[in-house]
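In full-length UniProt numbering, the protein residues as written are 1 to 288.
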């Protein structure tokens, strides 16, 4: 349970960092790429002992990290497009509702518990994510021509979580969790560097110290959000569908409360209903 709580805390800190990006005028792309290298470094020097980097490509989980690295960058790009075309609330809903994919992946592929309380809890969790994420009384609206972007964010985010679960279960030993997590970030950072260099060479972007510092601030909690999630998935206390549900609902709820405490955000009635449903869903899933 402690790993789950730490994963929720780490991911919620990421929310605070992203909010500060807007305040300090930090370029998100630059910061994201720097963040991947910082996250990778934290893992290599803090959670890996006596490792030989030359053996990484021979690991059975390495092809999976290549796939995840590509997905990390792709989903980030799609999220940016969705934000531009449909707004931040749409991205938030698409990302968090994607928990349905790894939840049902675990329930059907690994025959995890599907009791009535758990199923009710999962549907309440999905409802809470939607209600907590929207910021307008009328809800969210998406033009038909832009619907493909949040749909791809939904699928991409869910596939990332489901892939992490699959690799963690089938290929990653407990002693390799740190190396596995760091490798994902290293690959994402390498791909992102190629994009960044292209923009620099074409004169579309200038690297600044402010953006580098923003990446450092993001990279540390980002590493731990993945590391602690993988460790939580290894816990015998809960199955993966319960972990993913409680993790996502916990992140949405804590992030919302942090927004109130530090950024003076105002919540509409739907947000408060969402938080209430989140608490109920966690209780139901934890007890099932």
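For glycine and all other residues, C-beta sits at the position ideal for the given N, C-alpha and C.
Original post:
Would the segment 202 to 214 and the segment 244 to 257 be scored as touching if the rule is three or more Cβ pairs under 8 Å?
Top reply: no
**OP:** Report buried or exposed for residue 221, applying the criterion of at least 16 other Cβ atoms within 10 angstroms of its Cβ.
**Re:** buried
**OP:** Flag this pair as touching only if the segment 263 to 272 and the segment 28 to 44 have three or more C-beta atom pairs under 8 Å; answer yes or no.
**Re:** no
Original post:
How about the segment 185 to 192 and the segment 68 to 79: do they share at least three Cβ pairs that are nearer than 8 Å?
Top reply: The segment 185 to 192 vs the segment 68 to 79: in contact.
**OP:** Rank 198, 168 and 284 by C-alpha distance to the C-alpha of residue 228 and give the top, closest one.
**Re:** 168
Original post:
Cβ atoms of residue 59 and residue 241: under 8 Å apart, would you say?
Top reply: no
Original post:
Is residue 78 near residue 153, with beta carbons less than 8 Å apart?
Top reply: Yes; because the gap between Cβ atoms is below 8 Å, this pair is in contact.
Original post:
What span of residues does the alpha helix (DSSP H) with residue 168 cover, start to end?
Top reply: 148 to 170
Subject >> When 174, 224 and 237 are compared against residue 42, the one with the closest alpha-carbon >> reply: Taking only the C-alpha atoms, the option nearest residue 42 is 224.
Original post:
Helix, strand or coil for residue 259 per DSSP?
Top reply: helix
Original post:
Looking only at C-alpha atoms, which of 172, 214 and 118 sits nearest to residue 100?
Top reply: For residue 100, the nearest C-alpha among the options comes from 118.
Original post:
Sorted by chain position, which residues of the same chain lie with C-beta nearer than 6 Å to residue 9's C-beta, five sequence neighbours on each side aside?
Top reply: none
**OP:** Would you grab the beta carbon distance between residue 75 and residue 160 for me? Rounded to a whole angstrom, and I think it's under 8 Å.
**Re:** 7 Å
Original post:
So which of 279, 73 and 7 has the shortest CA-CA distance to residue 32?
Top reply: 73
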